[in-house]
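Visitor:
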Amino acid sequence: MAKESAKKKTKGPEYIRIKYNAHRPYDWSTGKYLGKVYAEAKENKKLVGNRCPQCKDIWLPPTPVCPKCKIDMGWDWVELPQTGTLYQYTYLVYPLWDPHYGEKWANPYPSAVILLDNGVFYRHWLEETDKEKLKTGMRLQAVWKEDYDERGQGVQDILYFRTIEE
Amino acid sequence: MATVTEKLEGMDVWLYHGQIYIPNTFSAGAVGSRFLIELRDKKRIMGMRCPTCNRVYVPARSICKDCFEQLDEWVEVSDKGTVLTYATDYETKSIQPTGSPIVYGIIQLDGADTGFVHMLGEVDPEQLRVGMRVQAVFQKEREGSILDIKYFKPLA
Amino acid sequence: MANRVAIVGIGQTYHTSKRDDVNQPEMVAEAVRSALTDAQLSIRDIESVFTGNMETFEGIFLPDHGMAAEIGALGKPGFKVNTGGTTGASAVAEGFYMVSSGLYDISMVIGFEKQDCGDTTAAISAAAVPVWAKGAATGAIGEFAKQALSYMEITGGTEEHAAMVRVKADKGACRNPYAHLKLGLQSIDEVLQSPYLVWPLRLLDFCPQSCGACALILATEKKAKKIHKKPVWLADVEVVHQEPFRAGVFGDPTGKETYTQHVACEKIYKRNNITDVRKQIDMAEIYEPSNWEELNLYEHLHFCKKGESWKLIEKGITEIEGEFPVNPSGGVISTNPIGATPVIRVAEAALQIRGDAGEHQVTRDTKTAIATALGGPNWTVMFLLKRSL
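Chains as they are written, first to last, in the working numbering: chain B, 1 to 166; chain F, 1001 to 1156; chain Y, 2001 to 2389.
Right under this line is the structure:
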């Protein structure tokens, strides 16, 4: 705990402010549906979603119940294409920091919504950091972490999406 | 970012070990600040009296919880008081002010109508009892914190 | 509907980025006392107290418990709600349900946030589901930024239109004694020259982090007429939940998703026989953390046809003096004490109906108004307010 006394140079009362940066550890379970995504990413460098038996919509993140049909999704998994088009993007200009460990994010980086080639939307970040070269509709491909031991972080096993020429 | 994820043995479930790190600030406000500054600068423990019910709150607060009065009548209370109750913590965490064990006490200072939570020190656990008379021991270096009072020690 | 419910007391603090002179409970107490003064009531007249706050944003555990005395809730029923951006509106809805049900005659609802105590964007990102953490690390700003890009591509609206919305908001804020940011913007160029935060969103395109609180006193019809000369009726309420869109959290560039704003406003318009929104409703206080979101909400709340919202601002229709004023208070983009923000929307709409908005009173005689809140994964809470039933 650090104490900061907001003593003003100008006249006026002194106010006490106490700063505290408590690190709060937690364990978060993926559950078995997202666990399948983790396993496929780690073992096979594959991106998967699950499919509703009724409306046939594919969900990533996967879901146990179809949000539209409100029925049990069962266990029908579909491999998703690793290419797609840039649908929406932003380009982080103001540097933010990682609220988990208090470190600054590498800056800049573009965060994007990608329309995968089977029509499923997927959120990820891009390799291209030059804003001038970003354009909606551009073609993208997933780039995976090649080292097996480095994988195991779910969708973060995809380093980024790389611009491709077709 | 050093995140750790592990697959649970024999289950299709992965566990993510993370932590949250968010900077927070507590602002004491005008009344809270004056209470802390009096501790720091004058080693005085200040209370606030409600003009309606006459109750003296320690630490000082700005609103009477029963009368809803806006309070501004500062009164100095004694640095001596009586232990209303106590508990001993043998498993302290890093966020707590000192290592184990910590004896916490609720102390009614002479002149106050409320209990005041602090630590008891220089005390033999065998001697602890409700009704015990204690006195505040101040830190040499004070910084405007409730811990400017080091602890309360038994009165000889 | 059971009992009719009226707003009989309105109180808010001034808003600013730092309040070292008060702790959190003391700040909230200012709004409570202000509402009691407005209603000419004593705290003993208040039967139940409902609060709204995003405690993750300030790092204070159970803040409502720590301020029971300061807000006059000691020994009374009530609880805190926390529903993201809609938090304050959920609290108002809660108070409405309680009074409407006949359980209490007089209830108070309070929204508050003291943002100098924490880091909101960090809290949103840190508390997000960790697997997607990096993608969400831009907090709410990144979501509105993506949406701004889609807005331009789909509707043909431009950065200039968004800048016009920003200048309009500032005009209102400068006339509103409670508003936080009062920039005195003279032209859209000042907005267009402000630096990018998250492209294409600029610094002036997004709301500030404010400290402040807003309290409303709600009463049944029987009590309301005795308490206040000008009770404002909460004629209708609608709450609609949603999960995040797969493409955009707040915006839907695919055109296939259901907007909660659509669901909420269509239900309210239908129940109240509103067929021509801008004719039958006199003004609106909507929840626009960004000027771009205001343009989107014009469409989503059916103030105009799809894709035409930029025409409303271009023609000055939503200005304070305009035919259909929107956010004359300066809105969320000028003042955003999260938990209090939706309560302020309702409070400001009610002040317009009472004719008590002072310098930011709209030109149009306001008999009917709407107030909305937006938050989390695109939830909507919407209110219809009326001068007479």
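For each residue, glycine too, the CB sits at the ideal point set by N, CA and C.
Drop a sphere of 10 angstroms on the beta-carbon of Y:R2166, count the other beta-carbons inside from all chains shown, and report buried for 16 or more, exposed for fewer.
Guide: With 16 or more Cβ atoms within 10 Å of its Cβ, Y:R2166 is classed as buried.
Visitor: With 9 Å set as the bound, which would you pick, yes or no: does the beta-carbon of B:D147 sit closer than that to a beta-carbon of chain F?
Guide: Cβ-Cβ to chain F under 9 Å: no for B:D147.
Visitor: When you compare only the Cα positions, how much space is there between Y:A2224 and Y:V2332?
Guide: For Y:A2224 and Y:V2332, the distance between alpha carbons rounds to 29 Å.
Visitor: Beta-carbon within less than 8 Å of F:E1091's beta-carbon, same chain only, minus the 5 sequence neighbours each way: which residues are those?
Guide: These residues qualify, in order along the chain: S1100.
Visitor: Considering only residues of the same chain and omitting the five flanking positions on each side of F:S1080, which have a CB-CB separation below 8 Å?
Guide: Per the sequence shown, the amino acid found at residue 1080 of chain F is Lys instead of Ser. Only L1109, D1110, R1133, V1134, Q1135, A1136, L1155 meet the Cβ criterion.
Visitor: Hey, how far is the Cα of F:G1105 from the Cα of F:D1089?
Guide: Looking at the two C-alpha atoms, the distance is approximately 11 Å.
Visitor: Excluding sequence positions up to five away, which residues of its chain have a Cβ less than 7 Å from the Cβ of F:R1044?
Guide: Excluding positions up to five away in sequence, the list reads E1038, E1076.
Visitor: Pop quiz: F:F1068 and Y:G2072 are said to be a contact at Cβ under 8 Å. What is the actual Cβ separation, rounded to whole angstroms?
Guide: That belief holds up - the Cβ atoms of F:F1068 and Y:G2072 are roughly 5 Å apart, short of 8 Å.
Visitor: If we ignore side chains and look at the alpha-carbon of each, how far apart do Y:I2338 and B:G74 end up?
Guide: Answer to the nearest angstrom: the Cα atoms are 39 Å apart.
Visitor: Tell me the DSSP secondary structure of Y:A2136 in three-state form.
Guide: With a pLDDT of only 49 at Y:A2136, under 50, the local geometry of the prediction cannot be trusted, and the value read off the model is given with reservation. Of the three classes helix, strand and coil, the one that applies to Y:A2136 here is coil, per DSSP.
Visitor: Please compile the residues from chain B whose C-beta is within a distance smaller than 8 Å of the C-beta of F:G1032.
Guide: Those within 8 Å of F:G1032 in chain B are I16.
Visitor: Could you please give the first and the last residue of the uninterrupted alpha helix (DSSP H) stretch that includes Y:A2350?
Guide: That run of the alpha helix (DSSP H) goes 2341-2354.
Visitor: Under the DSSP definition of a beta bridge, which residues are partnered with F:K1080?
Guide: Its beta-bridge partners are F:Q1135.
Visitor: Less than 9 Å between the beta carbons of Y:L2234 and Y:M2108, yes or no?
Guide: Cβ distance not < 9 Å, so Y:L2234 and Y:M2108 don't count as in contact.
Visitor: What are the complete beta strand (DSSP E) segments, minimum 3 residues, inside the region 22-93 of chain B?
Guide: The region 22-93 of chain B contains these whole beta strand (DSSP E) runs: 23-29, 48-51, 77-79, 83-92.
Visitor: Relative to the C-alpha of B:G49, which residue among B:E132, B:L134, B:P61 is closest?
Guide: Closest option to B:G49, Cα to Cα, is B:P61.
Visitor: Check the Cβ-Cβ distances between Y:I2060 and every residue of chain F, and say whether any is below 9 Å.
Guide: Taking Cβ atoms only, chain F reaches closer than 9 Å to Y:I2060, which makes this a yes.
Visitor: Is it right to say F:A1087 is buried, meaning 16 or more other beta carbons lie within 10 angstroms of its own, or is it exposed?
Guide: The residue in question, F:A1087, is exposed, as its Cβ has fewer than 16 Cβ neighbours within 10 Å.
Visitor: With distance defined between alpha-carbon atoms, name the residue in F:K1153, F:D1012, F:K1007 nearest to F:G1138.
Guide: The sequence given here places Phe at residue 1138 of chain F; Gly does not occur at that position. Minimum Cα distance to F:F1138 is reached at F:K1153.
Visitor: For a test of the three-state rule: what should DSSP assign to Y:Q2024, helix, strand or coil?
Guide: In the structure shown, Y:Q2024 sits in a helix (DSSP, three-state: H, G or I).
Visitor: Let me know the alpha helix (DSSP H) ranges lying completely inside the region 2250-2332 of chain Y, each 4 residues or longer, listed in chain order.
Guide: Within the region 2250-2332 of chain Y, the complete alpha helix (DSSP H) runs of at least 4 residues are 2260-2271, 2277-2280, 2291-2300, 2309-2314.
Visitor: Roughly how many angstroms separate the alpha carbons of F:W1074 and F:G1047, rounded to a whole number?
Guide: The alpha-carbon atoms of F:W1074 and F:G1047 are separated by roughly 6 Å.
Visitor: Between the alpha carbons of Y:R1957 and B:P13, how many angstroms are there, rounded?
Guide: Missing from the structure shown is residue 1957 of chain Y; chain Y here goes from 2001 to 2389 and no further.
Visitor: Indicate whether at least one CB of chain B lies closer than 9 Å to the CB of Y:E2193.
Guide: The question names Glu, but residue 2193 of chain Y in the sequence shown is Gln. For Y:Q2193, the answer is no, since every Cβ of chain B falls outside 9 Å of its Cβ.
Visitor: Does the separation of the CB atoms of Y:I2313 and Y:M2152 fall below 9 Å?
Guide: No; because the gap between Cβ atoms is not below 9 Å, this pair is not in contact.
Visitor: Counting only Cβ pairs nearer than 9 Å, list the residues of chain F close to B:N21.
Guide: Under the 9 Å cutoff, chain F gives Y1021, I1022, P1023, N1024.
Visitor: According to DSSP, which residues form a beta bridge with Y:R2166?
Guide: Looking at the DSSP assignment, Y:R2166 forms no beta bridge with any residue, so it has no partner.
Visitor: When the Cα atoms are used, what is the spatial distance from Y:A2136 to B:L126?
Guide: Confidence at Y:A2136 is low in this model, with a pLDDT of 49, below 50, so the placement of that residue is unreliable and no value is reported for it.
Visitor: Please list the partners that F:A1028 has in chain Y, where partner means a Cβ-to-Cβ separation under 7 Å.
Guide: Result: N2023.
Visitor: If we ignore side chains and look at the alpha-carbon of each, how far apart do B:K145 and B:V37 end up?
Guide: Near 15 Å, if we compare the C-alpha coordinates of B:V37 and B:K145.
Visitor: Identify the continuous beta strand (DSSP E) that holds Y:H2180 and give its terminal residues.
Guide: Unbroken run through Y:H2180: none, as it is neither H nor E.
Visitor: Rounded to whole angstroms, what is the Cα-Cα separation between Y:L2397 and F:A1028?
Guide: With chain Y covering only 2001 through 2389, there is no way to say anything about residue 2397 of chain Y.
Visitor: Which same chain residues end up closer than 6 Å to B:G84 when comparing Cβ atoms and leaving out the 5 residues on each side of it in sequence?
Guide: Taken in chain order, the residues that qualify are I114, L115, L116, D117, L140.
Visitor: F:K1140 by DSSP, collapsed to three states: which one?
Guide: Correct three-state label for F:K1140: coil.
Visitor: Can you tell me whether Y:M2283 is buried or exposed, with buried defined as 16 or more other CB within 10 angstroms of its CB?
Guide: Buried, by the Cβ-count rule.
Visitor: Select from Y:F2050, Y:K2305, Y:I2154 the residue whose C-alpha is nearest the C-alpha of Y:V2099.
Guide: The option with the nearest alpha carbon to Y:V2099 is Y:F2050.
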